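Enquirer: In the working numbering, the protein residues as written are 16 to 194. Where a beta carbon is used, it is the ideal one built from N, C-alpha and C, also for glycine. None of these values were measured; they are calculated from a predicted model. Here you go, one structure.
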């Protein structure tokens, strides 16, 4: 329950910023697990809070900040940690806490080349669909980062490319339901 964590942060006199990552609360695709996008979203959230606090005038502000994140948020916290000093030199970054982070996941040219060399990532995937959302998020992330050069059919097999009716006369590929 993140509400309890945020309440504890506030009760101890700190501000809490919960960013809405690129493509989730804004138009466009969400580049899931893209370090630069996630890290910059957090840093932009810190700057937005400081601007609001200055405009309202009733909040105390400081140039010191840190970040806590869980799961995808932990990856974003790590990315903000890496980007902080170069991207936000006007702020003093004091550290990050990364809980249950997603590790060793980079969507890179090497990943794409290796995947495309095997023809398909999940074409012969026979297991339960419990991992299905990750395939959809991954495909949509690569598409968000490479909209003109990435062909999703080269990554996903026929099972995930099946059309599913989500409303009368409206169908989408199965992988998009996860994203």
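Nearest to residue 110 by alpha carbon, out of 60, 66, 81, 39?
Expert: Among 60, 66, 81, 39, the Cα nearest to that of residue 110 is on 81.
Enquirer: If you draw a straight line from the alpha carbon of residue 122 to that of residue 73, how long is it in whole angstroms?
Expert: Confidence in residue 122 is poor, its pLDDT being 47 and thus under 50, which makes the residue's placement unreliable; the coordinate value appears in the next sentence. Looking at the two C-alpha atoms, the distance is approximately 42 Å.
Enquirer: Give the straight-line distance between the Cα atoms of residue 168 and residue 176, rounded to the nearest whole angstrom.
Expert: If I take the Cα positions, the gap works out to 7 Å.
Enquirer: Under a Cβ-count criterion, where at least 16 other Cβ atoms within 10 Å of its own Cβ denotes burial, should residue 37 be classed as buried or exposed?
Expert: Buried, since its Cβ has 16 or more Cβ neighbours within 10 Å.
Enquirer: For residue 113, count neighbouring C-beta atoms within 10 Å of its own C-beta (all shown protein chains included) and say buried if the count is 16 or more, exposed if not.
Expert: That one is buried.
Enquirer: Have a look at residue 178 and residue 188 and give me their C-alpha separation to the nearest angstrom.
Expert: Approximately 4 Å, taken between the alpha carbons.
Enquirer: So what does residue 187 bridge to, in DSSP terms?
Expert: Answer is 179, bridged to residue 187.
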